[in-house]
Amino acid sequence: MSNILVIAEVSEGELKRATLTCIGFARQAAERTGGTVQALVVGKGVGAHAETLAKYVSTVHVADDGAFEKPLAETYAKAIAAAAESAGAHVVCMAATAHGKDVMPRAAALLQAGMASDIVGFGKDGMQLQRPIQAGNVIATVELTTEVKVVTTRPTEFEAATESEAAGEVKALTVDVGTPKTTFVAFDKVASERPELGDASVVVSGGRGLKESGNFPALIEPLADKLNAAIGASRAVVDAGWVPNDMQVGQTGKVVAPNLYIAVGISGAIQHVAGMKGSKTIVAINKDPEAPIFAIADYGLVEDLFKVVPELTEKI
Amino acid sequence: MKILVTVKRVTDYERKAKITPDGSALVTEGMNFVPNPFDEIAVEEALRLAKTHGGEVVVVSIGPKDAVQQIRQALAMGANRGILVEAEDVDPDGVARILQKIIADEAPNLVVMGKQDTDNDANQVGQLLAGYLDWPQATFASKKEGLDSDQEKKQVPGVVIEGEKATVIREVDGGLETLQVSLPAIVTTDLRLNHPRFASLPGIMKAKKKEVKELGVDAIGVDVSPKVRILEYKEPAERQAGVTVSDVDQLLEKLKNEAKVL
Ligand SMILES: Cc1cc2nc3c(=O)[nH]c(=O)nc-3n(C[C@H](O)[C@H](O)[C@H](O)COP(=O)(O)OP(=O)(O)OC[C@H]3O[C@@H](n4cnc5c(N)ncnc54)[C@H](O)[C@@H]3O)c2cc1C
Ligand SMILES: Nc1ncnc2c1ncn2[C@@H]1O[C@H](COP(=O)(O)O)[C@@H](O)[C@H]1O
C-alpha cells in the first residue's frame, strides 16, 4: 500500500483553509504515484472536523483525546507517526504553517523519513519536488530517498481542494502519547477582525518608511479597512514592536500571494520579497526611485507616503 | 549548567545566490560567509543563560574546515569552546544525527539552535533532533518584552529556567504561545528573542586561544548519505518589470481597468 496522508490543522476550533491546499497538493501527488488520499485530524472534540474532511478524502483518521487539547509537537508527532502506519502512507504532508513547521520534522524523525520543507511544486517525474531556497532566489528540485517521505507544502502555491463525490470513512486512531515532557501554559492571541494574512485577497504592508508606530493606525489601517485587506509588515517594523510578530511577511515570516499587495515605505530587501513576490498585482509606494521594491512592482508610485496614502484611501 | 549551541556557516544574507551553468551546484566562489543569523541569536541566548545560571557554552558546527571561522566568531562573543565536525553538504537529517551523537557525549542540559538556516531554509534540524532524542522542543522562541525594552538592554534571557524546567514564549500563527518543557530540551530561536552582541576586541583575542576540537564524520560513526537528494537548481520565474505611475489617480485607473483588482 502506498497512500498519501494529509495532516489537518485545527486552530481555535476551526479547520484551517491551508489544510485544503495541502489536500490539493496530495491529489496531484496521487495522480503521479497512485494510492489514495487520506487525512488525519488530531485534537479534542474534533469529530465534526473529521466529518468535514471526509468530504475531501477517502479515509479520515481521528485521534480525538484530551491529551491532544493543545497542539504540542511532542504528542502530535506521535499521532502522525501512528496514523502514517495505519494509513500505509508513503507521503505524509501538512501545510507549512507555524504548527506544520514545528511538528512535521519531529514526525519525520519518528518515521525515519526524509523531509522536504515548503514545497511549491513538482519536478518532472514521480515525487520529484520543488522548493525555494536562498531567500527564494533559487528553486531546488529534490528527491527523498526514504520509503516514507515527509513534506510541508506552501499554502499559496496549491489550489484549495474541492469536495469529492463520495464521502470517505472516518476511523478512530488510538495513540500512546506516554508522559509528555511539554506543558502548555498560555496562548496570547492577537485579536483581529481582519482577514487572515495568509488567506486575504488584498494585503497592505507597511515598513520603516512609516517612521513611527502611530502611523500604522493612522495610515495603514484606514487603507486596509477600505479594501477589506489584511495587514502585513516588514521585519524592521516588527522588530521595532510597532505591530505583532505574526504580521511579518518574508523569508522568515509569512508567505502571502494575494490578488493585490500594496507595499508602503518598504525598501524591498530580498528577505521581504521572498514572502510576497507571488502576489498577482504588486503596488509599491516609496519616495526613493532606486528602492529595489520597484524592480518587482507592477505599479510604482515614487512619492512621499504621508502625502499619497491618505489620498489613495480617500479616493478608493 | 551546560548549554550546547549550533552554528552553521552560511552565505552572507545580502548576497544573491548564483547557480553554476549546468544547474548542478551553487557558486561559492567570491561569496562571503557568516554565522547563520538565527544562530547568533542562539549564541546570545545561551550566553545570557550561562551568565544567569552559571555554566558553560559549547558551540558545534558541521561543515567545511573553514567553518572554524564561524565557531571562532561565537567564541569571540563569549562561548567557552567549540567542536567542528568536518563534513560537506550534509542534509538536515544527517546534521541532526551527528548532533545526537555529540549530545550523547557532551550531555548538555539545554540545546539552543536557530529556527532556520538562511541558505537552505529547511527549518528542520532542531525538531528532528528533538524527535531522535525524545526530548521536548520549544521552537521559534521569542519574548513578550520588545527588543527596545529594559529587559533587553539588561541582557536578561528570554528563556526562563527554574529548576529542571524551562519556560519559553513562542512565535506561532495568530499570537504568542507559552510552553514549559522539562530539561534537557531543544530550543530554537526566532528573530525577536534578542539582539546578539558584537564581539569585542578582547573577545576576539581570547577566542583565538579557546579550544576547538575537530572531528571527522567517520570518527563519529554516522552515515550521512542524503535522505534529501538535490537533483537540480534553477532560477525562479522572474516577474515582469512594471511601470511607474505619476499620481494616485493614475494608480487607481490602472488598478481598476488594467489589473482589474479593484
Ligand atoms: C535572518 C534575516 C531574516 C530576515 N527576514 C525578513 C523577513 O522575513 N521579512 C522582512 O521584511 N525582512 C526580513 N529581514 C530584514 C530585511 O533584510 C530588511 O532589513 C527589512 O525588510 C527592511 O525593512 P523595511 O523595508 O521596512 O526598511 P528599510 O529597508 O529601512 O526601508 C524603508 C523604506 O521606506 C522608504 N521611505 C522612507 N520614508 C518614506 C516616505 N516618507 N515616503 C515613502 N517612502 C519612504 C525608504 O526609501 C526605504 O526604501 C531579514 C533579515 C535577516 C538578516
Ligand atoms: N551544518 C550545520 N552545523 C551546525 N548547525 C546546523 C547545521 N545545519 C543546521 N544547523 C542548525 O539547525 C538550525 C536549523 O537549520 P535548518 O533546519 O537547516 O534550517 C540552524 O539554525 C542551526 O542552528
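Top line first, the protein sequences correspond to chains H and S.
Counting the first sequence from 1 gives a position; this note's numbering is that position plus 8.
Counting the second sequence from 1 gives a position; this note's numbering is that position plus 44.
We put the CB at the ideal spot given by N, CA and C, even for glycine.
Can you give me the start and stop residues for the beta strand (DSSP E) that residue i sits inside?
i: H:L137; result: 137 to 141
i: H:H69; result: 67 to 72
i: S:P79; result: 77 to 79
i: S:R53; result: 53 to 55
i: H:Y269; result: 268 to 272
i: H:D196; result: 190 to 197
i: H:D126; result: 122 to 127
i: H:M255; result: First-last for H:M255: undefined, no H or E at that position.
i: S:M157; result: 154 to 158
Give every residue of the same chain whose Cβ lies closer than 6 Å to the Cβ of residue i, excluding the five residues on either side of it in the sequence, and list them in chain order.
i: H:E203; result: Going by the sequence as given, residue 203 of chain H is Pro instead of Glu. Taken in chain order, the residues that qualify are A238.
i: H:A148; result: R139, I141
i: H:Y269; result: V211, M284, S287, I290
i: S:K254; result: L119, R125
i: S:M45; result: H97, G99, N153
i: H:V198; result: P252
i: S:T50; result: V104, M157
i: H:T154; result: A121, G122
i: H:G51; result: V18, F76
i: H:D72; result: V54
i: H:K24; result: E17
i: H:S10; result: G43, H98
Alpha helix (DSSP H) containing residue i: first to last residue?
i: H:A104; result: Unbroken run through H:A104: none, as it is neither H nor E.
i: S:Y176; result: 169 to 177
i: H:R162; result: Looking at the DSSP string, H:R162 is not in any alpha helix (DSSP H), and its letter there is neither H nor E.
i: H:E33; result: This sequence places Phe at residue 33 of chain H; Glu is not what is there. From DSSP, the alpha helix (DSSP H) with H:F33 extends over 25 to 41.
i: H:V281; result: 278 to 281
i: S:N301; result: 292 to 301
i: H:L235; result: 229 to 235
i: H:Y84; result: 81 to 95
i: S:R241; result: It is not in any alpha helix (DSSP H) - S:R241 carries neither H nor E in the DSSP assignment.
i: S:R116; result: 112 to 121
i: H:L61; result: 55 to 61
i: S:A251; result: 245 to 253
If contacts are defined as beta-carbon pairs under 8 Å, then residue i and residue j qualify, I think. What distance do you get, rounded to the angstrom?
i: H:A121; j: H:A85; result: So it is not a contact: roughly 12 Å between Cβ atoms.
i: H:P224; j: H:V251; result: Looking at the sequence shown, residue 224 of chain H is not Pro but Phe. With 8 Å as the limit, H:F224 and H:V251 qualify as a contact, their Cβ atoms being about 6 Å apart.
i: H:V150; j: S:R273; result: 6 Å
i: H:D126; j: S:D110; result: Going by Cβ atoms, the distance from H:D126 to S:D110 rounds to 28 Å, so no, they are not a contact pair.
i: S:E89; j: S:N238; result: 6 Å
i: S:T222; j: H:A194; result: 4 Å
i: H:Q259; j: H:A241; result: In fact, because the Cβ distance is near 14 Å, the residues do not count as touching under 8 Å.
Report all residues from its chain with a CB closer than 7 Å to the CB of residue i; omit the five preceding and five following residues, and keep chain order.
i: H:A92; result: L13, V100, L119, V156
i: S:E208; result: S226, L227
i: H:L61; result: A16, A47, V49, V68
Less than 8 Å between C-beta atoms, sequence neighbours within five positions excluded: which residues of the same chain meet that for residue i?
i: H:G186; result: K86
i: S:Q168; result: P136, D137, A140
i: S:K300; result: L306
i: S:E132; result: G107, P108
i: S:G265; result: K145
i: S:A285; result: none
i: H:M135; result: A37, R40, T41, V99, E151, L152, K157
i: S:L70; result: A61, K62, I63, T64, Y277
i: S:A229; result: L154, V155, A174, W179, P180, Q181, A182, A210
i: S:M75; result: T55, D56, R59
For this session: Report the residues of the segment 228 to 257 of chain H with a CB closer than 9 Å to any CB of chain S, ordered along the chain.
Result: L235, R243, V246, D247, A248, G249, P252, N253, D254, Q256
Problem set entry | Proximal residues, the segment 219 to 230 of chain S versus chain H, C-beta separation under 7 Å | G219, L220, E221, T222, L223, Q224, V225, S226
Exercise. Taking contact to mean at least 3 C-beta pairs separated by less than 8 Å, is the segment 304 to 323 of chain H in contact with the segment 168 to 183 of chain H?
Worked result: no
Problem set entry | Under 7 Å (Cβ pairs) to chain S, residues found in the segment 146 to 164 of chain H | V146, I147, A148, T149, V150, E151, L152, T153, T154
Exercise. Near ligand 3, which residues have their beta-carbon less than 7 Å from any of its heavy atoms, given in chain order?
Worked result: Only ligand 1 and ligand 2 can be found as ligands here, which leaves ligand 3 out of the picture.
Problem set entry | Positions along the segment 262 to 276 of chain S whose CB lies within less than 7 Å of some CB in chain H | P270, K271, V272, R273, I274, L275, E276
Problem set entry | the segment 291 to 306 of chain H touching the segment 265 to 280 of chain H, judged by at least three CB pairs closer than 8 Å | yes
Exercise. Which of the residues in the segment 52 to 81 of chain H, read from start to end, lie with their CB under 8 Å from any CB of chain S?
Worked result: L80, A81
For this session: Would you check if the segment 199 to 219 of chain S and the segment 128 to 146 of chain S touch, i.e. whether three or more CB-CB distances between them fall below 8 Å?
Result: no
For this session: Give a yes or no on contact between the segment 56 to 71 of chain S and the segment 315 to 324 of chain H, applying the rule of three or more CB pairs nearer than 8 Å.
Result: no
Exercise. According to a CB-to-CB cut-off of less than 8 Å, which residues of the segment 177 to 193 of chain S neighbour chain H?
Worked result: W179, P180, Q181, A182, T183, F184, S186, K188, G190, L191, D192
Problem set entry | Cβ-based contacts, 8 Å cut-off: residues of the segment 104 to 126 of chain H near chain S | T105, A106, H107, K109, D110, V111, M112, P113, R114, A115, A116, A117, L118, A121, G122, M123, A124, S125, D126
Exercise. Do the segment 224 to 234 of chain S and the segment 78 to 96 of chain S touch if we need at least three Cβ pairs shorter than 8 Å?
Worked result: yes
Problem set entry | the segment 188 to 202 of chain H: positions lying closer than 7 Å to chain S by Cβ | K189, T190, T191, F192, V193, A194, F195, D196, K197, V198
For this session: Taking only beta carbons into account, state which residues of the segment 280 to 292 of chain H come closer than 8 Å to chain S, listed in chain order.
Result: K285, K288, T289, I290, V291
Exercise. Given a limit of 8 Å on CB to CB distance, which residues of the segment 63 to 78 of chain S reach chain H?
Worked result: I63, L70
Problem set entry | Contact residues within the segment 308 to 320 of chain H, judged by C-beta distance below 7 Å to chain S | G308, L309, V310, V316, E319, L320
Problem set entry | Members of the segment 108 to 128 of chain S that neighbour chain H once the beta carbon cut-off is set at 9 Å | none
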